[in-house]
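Participant: Here the sequence shown is numbered in the UniProt record's numbering, starting from 1 and rising by one per residue.
After the structure tokens below, expect a handful of questions from me.
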Amino acid sequence: MSETTSTNEEKKLPLNGRRAIPPNNSNDEENEVPEMEAFGLIPRGFNPRDYLRVVDIYMFKDPHEINKQEHHTDKYYNPKLIVRRGQAFQIRIDFNRPYRPETDQFWLEYLMGRYPQQNKGTYIPILVGNVLKPGQWGAKIIHRENNSIRLSIMSSTTCIIGKFRLYVAVWTPFGILRTRRNSATDTYILFNPWCQLDAVYLDDEKEREEYVLNDVGVVFHGNVEDIKSRSWSYGQFEENVLDACLFLMDKAELELSGRGNPVKICRVASAVINSRDDNGVLVGSWDNTYDYGVAPSAWTGSVDILLEYYSSKQPVRYGQCWVFAGVFNTFLRCLGIPARLITNYSSAHDNNANLRMDFFLDDEGKVDTRLTKDSVWNYHCWNEAWMTRPDLPVGFGGWQVVDGTPQETSDGMYRCGPASVQAIKHGHVCFQFDAPFVYAEVNSDIFYTRREKNGTEVVESIDTTRIGQLIVTKEVGGDGMMNITEEYKFREGSDEERLALEAAVMYGVKKQSTQDTAYQPQTDVDMDFHAQKAVLGNDFKVTITFRNKSRNSYTATTYLSCNIVFYTGVTKSEFKKHSFSAKLEPSSSSSFDVVIKSSEYMSELLEQASFHFFVTARINETGKILAVQKATILEVPTLRIKTKGELVAGKEMSVIVEFTNPLKQTLENVTLRLEGPGVLRTIKKQFGRIPVNSTLTWEVKCIPMRPGLRKLIASLNSDALRHVYGELNVQIQKP
Numbered sequence: 001m002s003e004t005t006s007t008n009e010e011k012k013l014p015l016n017g018r019r020a021i022p023p024n025n026s027n028d029e030e031n032e033v034p035e036m037e038a039f040g041l042i043p044r045g046f047n048p049r050d051y052l053r054v055v056d057i058y059m060f061k062d063p064h065e066i067n068k069q070e071h072h073t074d075k076y077y078n079p080k081l082i083v084r085r086g087q088a089f090q091i092r093i094d095f096n097r098p099y100r101p102e103t104d105q106f107w108l109e110y111l112m113g114r115y116p117q118q119n120k121g122t123y124i125p126i127l128v129g130n131v132l133k134p135g136q137w138g139a140k141i142i143h144r145e146n147n148s149i150r151l152s153i154m155s156s157t158t159c160i161i162g163k164f165r166l167y168v169a170v171w172t173p174f175g176i177l178r179t180r181r182n183s184a185t186d187t188y189i190l191f192n193p194w195c196q197l198d199a200v201y202l203d204d205e206k207e208r209e210e211y212v213l214n215d216v217g218v219v220f221h222g223n224v225e226d227i228k229s230r231s232w233s234y235g236q237f238e239e240n241v242l243d244a245c246l247f248l249m250d251k252a253e254l255e256l257s258g259r260g261n262p263v264k265i266c267r268v269a270s271a272v273i274n275s276r277d278d279n280g281v282l283v284g285s286w287d288n289t290y291d292y293g294v295a296p297s298a299w300t301g302s303v304d305i306l307l308e309y310y311s312s313k314q315p316v317r318y319g320q321c322w323v324f325a326g327v328f329n330t331f332l333r334c335l336g337i338p339a340r341l342i343t344n345y346s347s348a349h350d351n352n353a354n355l356r357m358d359f360f361l362d363d364e365g366k367v368d369t370r371l372t373k374d375s376v377w378n379y380h381c382w383n384e385a386w387m388t389r390p391d392l393p394v395g396f397g398g399w400q401v402v403d404g405t406p407q408e409t410s411d412g413m414y415r416c417g418p419a420s421v422q423a424i425k426h427g428h429v430c431f432q433f434d435a436p437f438v439y440a441e442v443n444s445d446i447f448y449t450r451r452e453k454n455g456t457e458v459v460e461s462i463d464t465t466r467i468g469q470l471i472v473t474k475e476v477g478g479d480g481m482m483n484i485t486e487e488y489k490f491r492e493g494s495d496e497e498r499l500a501l502e503a504a505v506m507y508g509v510k511k512q513s514t515q516d517t518a519y520q521p522q523t524d525v526d527m528d529f530h531a532q533k534a535v536l537g538n539d540f541k542v543t544i545t546f547r548n549k550s551r552n553s554y555t556a557t558t559y560l561s562c563n564i565v566f567y568t569g570v571t572k573s574e575f576k577k578h579s580f581s582a583k584l585e586p587s588s589s590s591s592f593d594v595v596i597k598s599s600e601y602m603s604e605l606l607e608q609a610s611f612h613f614f615v616t617a618r619i620n621e622t623g624k625i626l627a628v629q630k631a632t633i634l635e636v637p638t639l640r641i642k643t644k645g646e647l648v649a650g651k652e653m654s655v656i657v658e659f660t661n662p663l664k665q666t667l668e669n670v671t672l673r674l675e676g677p678g679v680l681r682t683i684k685k686q687f688g689r690i691p692v693n694s695t696l697t698w699e700v701k702c703i704p705m706r707p708g709l710r711k712l713i714a715s716l717n718s719d720a721l722r723h724v725y726g727e728l729n730v731q732i733q734k735p
């Protein structure tokens, strides 16, 4: 390939003694390809028109035509040809005269990037042969008619993912004639979970429909005693989303030659999804102030975020874990990597990966917030991507954990994964990438440690079951919840669990054994805590129950601390303290109720309406301490969505969103968002205020594009109330 370099480009590329050509890491940049590449001096009588010439190339790129149908890419809202690797597709070439195989010679050229090179997979010449070999580049003629030929083209199963430029080259005795650059013939090549030779091959059709082709999903949040769910629009087929996803790889400066490898793509994407250290897609914010941006709870899907980033090239504000995971899921499904969004309830964010979350108590038995650094997230969302792991021993392919939420650095950047779920379950955390961190998120123990006046530390109690007690994802083919805890860990207390832990410790996960610490728990008294289900804005009660199994009478000095927390378990403020003395009769149970008034918590409330209760009790006769902590979440009202008019593709219909303010205060700065992939693009509307008990109604007219079962998703955001959602399934008929 000859290069033509203009002077302004020479200024841009400084000399580099280490490599002959600059790095090729932008799918967007192009080189100039000569239309006539002469072999030497051209004789005077030479007329290129005397030779075979390409008049037109027909790509069969409409959604209803053979290529997009067979390659499961007919849903992409994109006029160009989109195919999956390792599977044949067809094009038709019209010449200026009938093609004569004896004398005419032509070939195809697929190019990518600014410096196409054959050994890097960015320049692919394809000669026309008689047979297509599975999994390798090739082309053969399947039909000839008049001046036209129809080709079947096979791409390699390890081919780079992205947008290729297509040229047809014709050989003449004096030089090569090429077609002119034509962006209409650009071809996107994606991963192919339908192809057995592809690294992302998934053998179950229902799972492929869910994990690759479903453009809406469910995020599970809340906490383990009170699971909440909301829909999320992935929108991987919407206009410009594919280009935005390819731009993310350019932004991450992933060499084009590495873009056929799903492991590399996941690794760099987990860094570029967050804005830390590389100006990636989303700015994380966990402090309840979202100036100059959108509150994380207000987003209804990924499309707005990706398109805003693609057009502005600046990080979008703001995200929290489910937003990072939602955008990451869109990215993976869009490129054809099977992916699902995971929620881990009671997720340990352990700052030194020692499988031990330390909660320090002062000498009265209250939690010392100065010393306690670790936090338990009510829930944490990450993603799993499906792929083989040729870089690991056999058996560690399948689902891999990838996490775009910036928590800890890995190899110097905020990223996490891919880590094999199988390796985490068996404790083989020596295998790359970041398995010890994920292992700790689902397996840590909580230690309640009291620091004596003289500085010695006494472990008062250990909770081995709370962390990672439930790990879930959306079920295949429905909106329900699928429990996948067993994929990550063996049953609590089983022999296999102990073996997996020993393996993890052997492979370098730090675990302090309880033998190192003075630990004699109080065994003959149990304490339990229960919070009544509560609706936002109402009073509710909590109950502390003691069970005295001994023959002794005890008295327990009991502290209840009520806190408002971020869903990450970090405390914002303590809004109520209560202490009392409990008399515990021998061999009996006794319960104590405490009422929590709405006036005590409403002014302090954070967006996820999360409370965290800490109860510590000192048995006065023995000096031993009992501790228990519980998170609870208020019921938040929902939005009601209904439709009006006929639900037919191509016809106008109305969507009506209603909301009644249930609080004892006026809602200020109210914003509503509504979206539904295939029905309507995201629409936002500001409402000044909603007085107490009054109802807001918003009607939106739209023309649905795609028939089939679709989902409408709405969110409401205001100063005092966030995390308000509504959704509706609608069946759009064919016209």
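We put the beta carbon where it would ideally sit given N, CA and C, even for glycine.
1. Using the Cβ count rule (16 or more neighbours within 10 Å means buried), how would you classify R340?
2. Please classify P418: is it buried, with 16 or more other beta-carbons within 10 angstroms of its beta-carbon, or exposed?
3. Can you tell me which residues form a DSSP beta bridge with I337?
4. Determine the direct distance from the alpha carbon of M413 to that of V268, and round the result to whole angstroms.
5. Taking only the alpha-carbon atoms, compute the straight-line gap between G175 and Y58 and give it to the nearest angstrom.
6. Report the three-state DSSP secondary structure of A534 (helix, strand or coil).
7. Assuming T485 is part of the alpha helix (DSSP H), what are its boundary residues?
8. For the beta strand (DSSP E) containing R356, list its first residue and its last residue.
9. Report, in whole angstroms, the separation of the C-beta atoms of V224 and S375, which I expect to be a contact under 8 Å.
10. Who pairs with E457 in a beta bridge, going by DSSP?
11. Go through its chain and collect everything with a Cβ distance to A504's Cβ below 7 Å, but skip five positions before and after it.
12. Using C-beta distances below 8 Å, list every residue in its chain close to S2, excluding the 5 sequence neighbours before and after it, in chain order.
13. Answer with buried or exposed for residue 741, where buried requires no fewer than 16 other C-beta atoms within 10 angstroms of its C-beta.
14. Hey, how far is the Cα of T343 from the Cα of R673?
15. Return the first residue and the last residue of the beta strand (DSSP E) that Q686 is part of.
16. Among G336, T671, I149, whose alpha-carbon lies nearest the alpha-carbon of V54?
17. Taking the straight line between their C-alpha atoms, what separation do you get for D104 and F46?
18. Please name the residue, chosen from E30, R100, T449, V565, that lies closest to R181 on a Cα-to-Cα basis.
19. Tell me the rounded alpha-carbon separation between D198 and N192.
20. Does the region 576–585 come close enough to the region 554–562 that 3 or more CB-CB pairs lie under 8 Å?
21. Can you give me the Cβ contacts of T122 inside the same chain, cut-off strictly under 8 Å, excluding the 5 residues immediately before and after it?
22. What do you reckon, are the CB atoms on R466 and E457 nearer than 9 Å?
23. Give the DSSP-derived three-state secondary structure of E3 in the structure shown.
24. What are the start and end residues of the beta strand (DSSP E) that includes P418?
25. Is the beta carbon of N67 closer than 9 Å to that of Q90?
26. Nearest-angstrom Cα distance between Y310 and G293?
27. Pull up the distance between the alpha-carbon of T7 and that of H71, whole angstroms please.
28. Could you spell out where the alpha helix (DSSP H) holding P436 opens and where it closes?
29. Should M249 be labelled buried (16 or more other beta-carbon atoms within 10 Å of its own) or exposed?
30. Would you kindly report the start and end of the unbroken beta strand (DSSP E) that includes R208?
31. What's the call for I625, buried or exposed, on a 16-neighbour Cβ count within 10 Å?
32. Tell me the residue span of the alpha helix (DSSP H) that contains K251.
33. From L13 to S312, what does the alpha carbon distance come to, in whole angstroms?
34. From what residue to what residue does the alpha helix (DSSP H) around K576 run?
35. Tell me whether the region 644–656 and the region 697–706 touch, counting them as touching only if at least three CB pairs, one residue from each stretch, are closer than 8 Å.
36. Does the separation of the CB atoms of T545 and H612 fall below 9 Å?
Facilitator: In this structure, then:
1. The residue given as residue 340 occupies position 340 in the sequence shown. With 16 or more other Cβ atoms within 10 Å, it is buried.
2. To locate residue 418, count along the sequence shown from 1; it is residue 418. P418 is buried by the Cβ-count criterion.
3. What you label residue 337 is simply residue 337 of the sequence shown in a count that begins at 1. I337 is not bridged to any residue.
4. As a position in the sequence shown, residue 268 is number 268, starting the count at 1. As a position in the sequence shown, residue 413 is number 413, starting the count at 1. Approximately 10 Å, taken between the alpha carbons.
5. Within the sequence shown, the letter at position 175 stands for residue 175. Within the sequence shown, the letter at position 58 stands for residue 58. Computed Cα separation, rounded: 25 Å.
6. Taking the sequence shown and counting its residues from 1, one reaches residue 534 at position 534. Residue state, collapsed to three classes: coil.
7. For this step, residue 485 is matched to residue 485 along the sequence shown. Start and end: 485–488.
8. The sequence position of residue 356 within the sequence shown is 356, counting from 1. Counting along the chain, the beta strand (DSSP E) containing R356 begins and ends at 356–361.
9. One-based indexing of the sequence shown puts residue 224 at position 224. One-based indexing of the sequence shown puts residue 375 at position 375. Wrong, their Cβ atoms sit about 16 Å apart, outside the cutoff.
10. Position 457 of the sequence shown, counted from the first residue, corresponds to residue 457. Paired residue(s): R451.
11. Against the sequence shown, residue 504 aligns to sequence position 504. So the qualifying residues of the chain are G427, V429, Y439.
12. Residue numbering aside, residue 2 sits at position 2 when the sequence shown is read from its first letter. Its pLDDT being 43, under 50, S2 is placed unreliably by the model, and nothing is read from it.
13. This structure leaves residue 741 out entirely; the chain is present only between 1 and 735.
14. In the sequence shown, counting from the first residue as 1, residue 343 sits at position 343. In the sequence shown, counting from the first residue as 1, residue 673 sits at position 673. Taking the straight line joining both Cα atoms gives about 24 Å.
15. In the sequence shown, residue 686 corresponds to position 686, counting from 1. For Q686, the uninterrupted beta strand (DSSP E) segment begins and ends at 680–690.
16. For the purposes of this step, residue 54 is taken as residue 54 along the sequence shown, with counting starting at 1. A check of alpha carbon separations from V54 across G336, T671, I149 identifies I149 as the nearest.
17. Your numbering for residue 104 matches position 104 in the sequence shown. Your numbering for residue 46 matches position 46 in the sequence shown. Per the coordinates, the alpha-carbon of D104 lies some 17 Å from the alpha-carbon of F46.
18. Position 181 of the sequence shown, counted from the first residue, corresponds to residue 181. Answer by Cα proximity: E30.
19. Mapped onto the sequence shown, residue 198 falls at position 198. Mapped onto the sequence shown, residue 192 falls at position 192. So the two alpha carbons sit approximately 6 Å from each other.
20. Contact between the region 554–562 and the region 576–585 is present, with at least three C-beta pairs closer than 8 Å.
21. On the sequence shown, residue 122 is found 122 positions in, with the first residue counted as 1. In the same chain as T122, and ignoring 5 residues on each side of it, the C-beta atoms closer than 8 Å to its own belong to N24, L111, M112, G113, Y115, P116, I160, L256, S257, in chain order.
22. One-based indexing of the sequence shown puts residue 466 at position 466. One-based indexing of the sequence shown puts residue 457 at position 457. Between R466 and E457, the gap from beta carbon to beta carbon reaches 9 Å or more.
23. Taking the sequence shown and counting its residues from 1, the one referred to as residue 3 is at position 3. Confidence in E3 is poor, its pLDDT being 43 and thus under 50, which makes the residue's placement too unreliable to answer from.
24. In the sequence shown, counting from the first residue as 1, residue 418 sits at position 418. Bounds of the beta strand (DSSP E) holding P418 are 416–420.
25. Within the sequence shown, the letter at position 90 stands for residue 90. Within the sequence shown, the letter at position 67 stands for residue 67. The Cβ-Cβ distance between Q90 and N67 falls below 9 Å.
26. For this step, residue 310 is matched to residue 310 along the sequence shown. For this step, residue 293 is matched to residue 293 along the sequence shown. Looking at the two C-alpha atoms, the distance is approximately 17 Å.
27. What you label residue 7 is simply residue 7 of the sequence shown in a count that begins at 1. What you label residue 71 is simply residue 71 of the sequence shown in a count that begins at 1. In this prediction, T7 has a pLDDT of 39, which is less than 50 and means its spatial position is unreliable; what the coordinates show is noted afterwards. If I take the Cα positions, the gap works out to 43 Å.
28. Numbered from 1 along the sequence shown, position 436 holds the residue referred to as residue 436. In the DSSP assignment, P436 falls within the alpha helix (DSSP H) that extends over 435–443.
29. Stepping through the sequence shown from its first residue, residue 249 is reached at position 249. A residue is called buried once 16 or more other Cβ atoms fall within 10 Å of its Cβ, and M249 is buried on that count.
30. Taking the first residue of the sequence shown as 1, we reach residue 208 at position 208. Counting along the chain, R208 falls outside any beta strand (DSSP E), though it belongs to the alpha helix (DSSP H) covering 205–208.
31. For the purposes of this step, residue 625 is identified with residue 625 of the sequence shown, where counting begins at 1. It is buried - the Cβ of I625 has at least 16 other Cβ atoms within 10 Å.
32. Position 251 of the sequence shown, counting from 1, holds the residue named residue 251. Per DSSP, K251 is one residue of the alpha helix (DSSP H) stretching across 241–251.
33. If you number the sequence shown from 1, residue 13 lands on position 13. If you number the sequence shown from 1, residue 312 lands on position 312. Per-residue confidence for L13 stands at a pLDDT of 47, beneath the threshold of 50, marking its modelled position as unreliable; the derived number appears in the next sentence. Spanning the two alpha carbons is a distance of roughly 25 Å.
34. By 1-based counting over the sequence shown, the position of residue 576 is 576. Segment 571–584 is the beta strand (DSSP E) holding K576; no alpha helix (DSSP H) there.
35. Taking one beta carbon from each stretch, the region 644–656 and the region 697–706 have 3 or more pairs nearer than 8 Å; the two touch.
36. Along the sequence shown, one-based indexing puts residue 545 at 545. Along the sequence shown, one-based indexing puts residue 612 at 612. Contact flag unset, no.
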